[in-house]
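For the record, the sequence lines run as chains A and B. So for the first sequence, this note's numbering puts the first residue at 29; every next one is plus one. So for the second sequence, this note's numbering puts the first residue at 189; every next one is plus one. The C-beta atom is built at its ideal place from N, Cα and C for all residues, glycine as well. Predicted model only: the values in this text are computed from it and were never measured.
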Amino acid sequence: MIKHVGYVRAESWTEAVHMMAADQRVCRPLAGGTDLLALAHKGLVTWDLLVDISQVAELRVVAEESGMLRVGAAVTHATACEHPLIRNRIPLLASACRAIGSPQIRNRGTIGGNVGNAAACADAVPALVCLDASARVATPDGEYDVPIADLVCPSGRWRQLPWVLIREFSVPTPLPDTRMAHFKIGRRQAQAIARLSLAFLGRLDDDGRVAEARVVPGACTPSPQRFDRVEAVLLGAKVTEALAQEAGRVGSEQMIAITGRRWSTRYKSEAISALIERSIRLVFGLPEVM
Amino acid sequence: MVFTFYLNAQPVTVDVPPDITLLALLREHLGLTGTKCGCGVGECGACSIILDGEVVNSCLVLAPQVAGRSLLTIEGFSGVDGGPGDLQQAFIDAGAVQCGFCTPGMILAAAAVLAKHPHPTRREIADGLAGNLCRCTGYQQIIEAVQLAARRRTEVAEPSEQAVPDAESRTWKN
């Protein structure tokens, strides 16, 4: 028996799905390669066939249609940092992608790859969860729309399938008064793995009360999720310094409730409170406390 | 597998295994050892090349991914007389080269900075070189070298009294 190890370049979405589905061997999609080839270098991943999806035009779309932003899976982080639609409508995603790696990594790495790799520390994932994004994916069973949080969940069914190919992300266009913040703590500014990050989105009503709040820490829980207890503290409340501190305290409690006490908890419990407080001050316009 | 791409403005056709990196193709199979292999996982920037105008780590590009595309490596940077190009000369003049291992990657990343920002701020240079590690210089001389190259290019573009080209006016070949 001769076993062929190969590389194919897909020219269209239909072709990419066909290539992934037609072969019973281990097929892996390749776009930027910034995770896959680094893992391969360390001997942590192998394949029989690589399906190069980086040149598929449908996967590089950035568009706005009837209240939804569409961002293709093969859009690079560098494009996400600079594209006017992403910068103006969902600056949270632009900031999160700006925090990734280096110019070299951002020029190659893609948003779909960041989600597909599904690291707990992935920078774009908390932003997408915070933006209520869903992904259009193809699987051996057909095509589906999946909330991002479900897609990256370690125990979810999507992670157990032989393959999942992400086509694009859909983000409901935020209301005009919505403000967003993104913070990342790493060991240095560039090329850093997030020790902790926070994606935050908020909006006040006409009376100055919190009408909308979404709080999604990164590198904090097994996969990024909304911190609903923090959001509950904020919703309907007038924004004060005391409220910001209360939200920070609740955020720390919720983190410990999810992860238990770990070696990093002493540090992260203080840091997550600080990031939540800082985001509230920034988004809702309180003076920064030094 | 067989594919063709443009390397430093020349068409090149290769027949190579489909699972090697662009870095291996350049160094091992084309003998272009100016591009360095540092970490192999995209953290050090020593293998930086310019792919269709964008600086990338060649260790994280699969060789067949460059089919039909244009590459610039450090070997494409020499001046018209075969000596150093203007950016390389600025690195020499600013004392930005010590052991030299990071230098080819630094030059490529710096070229990308200058292509985007002809008059870069220190911040823009530092951001543009954030993916390139240097353990010798402490980066200050490297940032100064990029500033020097930018200044010289401006002087060449807007000549004052001396209009005769000299070693410093060599331009980056693309």
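If the five residues before and after residue 82 of chain A are omitted, its C-beta is found closer than 6 Å to the C-beta atoms of 59 and 102, all from its own chain and listed in chain order. Relative to residue 62 of chain A, the option among A:53, A:278, A:55 and A:105 whose CA is nearest is A:105. Contact of residue 80 of chain A with chain B by beta-carbon distance below 9 Å involves 250, 252 and 253.
With respect to the 8 Å criterion, residue 127 of chain A and residue 139 of chain A are not classified as neighbours on the basis of their beta carbons.
The alpha helix (DSSP H) runs lying completely inside the segment 228-303 of chain A and spanning 4 residues or more are 256-262 and 269-287, given in chain order. If the five residues before and after residue 146 of chain A are omitted, its C-beta is found closer than 8 Å to the C-beta atoms of 153, 179, 180, 182, 187 and 251, all from its own chain and listed in chain order. Contact with chain B is absent for residue 100 of chain A, since none of that chain's Cβ atoms lies less than 8 Å from the residue's Cβ. Inclusion of residue 304 of chain A and residue 258 of chain A in the CB contact set at 8 Å is warranted, their separation being smaller than that value. Around the beta carbon of residue 221 of chain B, fewer than 16 other beta carbons lie within 10 angstroms, which makes this residue exposed.
Taking the beta carbon of residue 140 of chain A as reference, no residue of chain B falls within 7 Å; the closest one sits roughly 16 Å away.
Within the segment 253-302 of chain B, the runs of beta strand (DSSP E) that reach at least 3 residues and sit entirely inside it are, in chain order, 258-260. DSSP lists B:202 as the bridge partner or partners of residue 191 of chain B. With three or more CB-CB distances shorter than 8 Å, the segment 203-210 of chain A counts as touching the segment 226-245 of chain A.
Within 8 Å of the CB of residue 231 of chain B, the CB atoms of chain A belong to 219, in sequence order along the chain. Only those residues of the segment 298-316 of chain B whose C-beta falls short of 8 Å from the nearest C-beta of chain A are listed: 300, 315 and 316.
DSSP places residue 320 of chain B outside both helix and strand once states are collapsed to three, so it counts as coil. Between residue 80 of chain A and residue 50 of chain A, the gap from beta carbon to beta carbon reaches 8 Å or more. Listed along chain A are 132, 135 and 136, each with a C-beta nearer than 8 Å to that of residue 244 of chain B. Residues of the segment 205-220 of chain B with a C-beta less than 7 Å from any C-beta of chain A: 206, 207 and 209, listed in chain order. Counting only runs of 3+ residues, the beta strand (DSSP E) found wholly inside the segment 90-176 of chain A occupies 90-93, 96-100, 162-167 and 170-175, in chain order.
Under the Cβ criterion (8 Å, minimum of three pairs), the segment 287-298 of chain B counts as touching the segment 215-231 of chain B. At a cut-off of 8 Å between beta-carbon atoms, residue 264 of chain B makes no contact with chain A. Nearest CB-CB separation between residue 287 of chain A and chain B: not below the 8 Å threshold. Boundaries of the beta strand (DSSP E) around residue 56 of chain A: 55-58. Inclusion of residue 66 of chain A and residue 121 of chain A in the CB contact set at 8 Å is not warranted, their separation being larger than that value.
In the pairwise beta carbon analysis, the segment 205-218 of chain B is classified as touching the segment 245-265 of chain B: at least three pairs are separated by under 8 Å. With fewer than 16 other beta carbons inside 10 angstroms of its own, residue 285 of chain A counts as exposed. Listed by position along chain A, the residues whose Cβ is nearer than 7 Å to that of residue 236 of chain B are 132.
Rounded to the nearest angstrom, the Cβ distance from residue 299 of chain A to residue 221 of chain A is 15 Å, too far for a contact under 8 Å. As DSSP reads the structure, residue 35 of chain A sits in a beta bridge with A:78. Between residue 328 of chain B and residue 118 of chain A, the alpha-carbon positions lie close to 36 Å from each other. Distance from the Cα of residue 319 of chain B is smallest, within the candidate group B:231, B:274, B:241 and B:267, for B:231. Of the residues assessed, residue 283 of chain B falls on the exposed side of the cut-off, its CB having fewer than 16 other CB atoms within 10 angstroms. Annotated as distal: residue 297 of chain B and residue 337 of chain B, with beta-carbon spacing of 8 Å or more.
In the DSSP assignment, residue 65 of chain A falls within the alpha helix (DSSP H) that extends over 64-69.
Only residues of its own chain outside the window of five on either side were considered, and among them 130 have a CB closer than 6 Å to the CB of residue 218 of chain A, listed in chain order.
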